[in-house]
Amino acid sequence: MANIRVRQAAQYVGLSKSLLDKLRCWGQGPTFIKLGSSVIYRTEDLDTWLAANRRSANDNSPARAAAA
Numbered sequence: 003m004a005n006i007r008v009r010q011a012a013q014y015v016g017l018s019k020s021l022l023d024k025l026r027c028w029g030q031g032p033t034f035i036k037l038g039s040s041v042i043y044r045t046e047d048l049d050t051w052l053a054a055n056r057r058s059a060n061d062n063s064p065a066r067a068a069a070a
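If you number the sequence shown the way my numbering does, the last residue is 70 and the count never jumps.
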């Protein structure tokens, strides 16, 4: 398990740094650690967040249908 900074975390999950920052502020991003003014992500938490947000092209779950 590694700890990485925001820019590295954004690359890890395939998002821009600004979108990852916004998701964190909105409470929709992966779990993070705040150390003073620094934000740190654990790669284990990033993997968990990615798995929880995985969708297939034909996903018809209620949450996805309600958003449409």
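Idealized CB from N, CA, C, for every residue including glycine.
All of these numbers come straight from a predicted model, not from anything done at the bench.
Open item on the list: Within 10 Å of its beta-carbon, does Ala12 have 16 or more other beta-carbons around it, so buried, or fewer, so exposed?
Closed with: Here residue 12 refers to the residue found at position 10 when the sequence shown is read from its first residue. Buried.
Task: Sequence-distant residues of its chain with Cβ nearer than 6 angstroms to Ile42 (five each side left out) - done: Residue mapping note: residue 42 aligns to position 40 of the sequence shown, counting from 1. Correct list, in chain order: Asn5 and Ile35.
TODO: Buried or exposed for Gly29, please, with buried defined as at least 16 other CB atoms from any protein chain shown within 10 angstroms of its CB.
DONE: Counted from its first residue, the sequence shown places residue 29 at position 27. Classification of Gly29: exposed, given that the 10 Å Cβ count is below 16.
Task: Gln13 - DSSP class collapsed to helix/strand/coil - done: For this step, residue 13 is matched to residue 11 along the sequence shown. Helix.
Task: Cα-Cα separation, Asp23 to Leu17 - done: Within the sequence shown, residue 23 is the residue found at index 21, counting from 1. Within the sequence shown, residue 17 is the residue found at index 15, counting from 1. Roughly 10 angstroms between the two C-alpha positions.
Task: Limits of the alpha helix (DSSP H) - the one that Arg26 falls within - done: Taking the sequence shown and counting its residues from 1, one reaches residue 26 at position 24. Arg26 -> alpha helix (DSSP H) spans Lys19 to Trp28.
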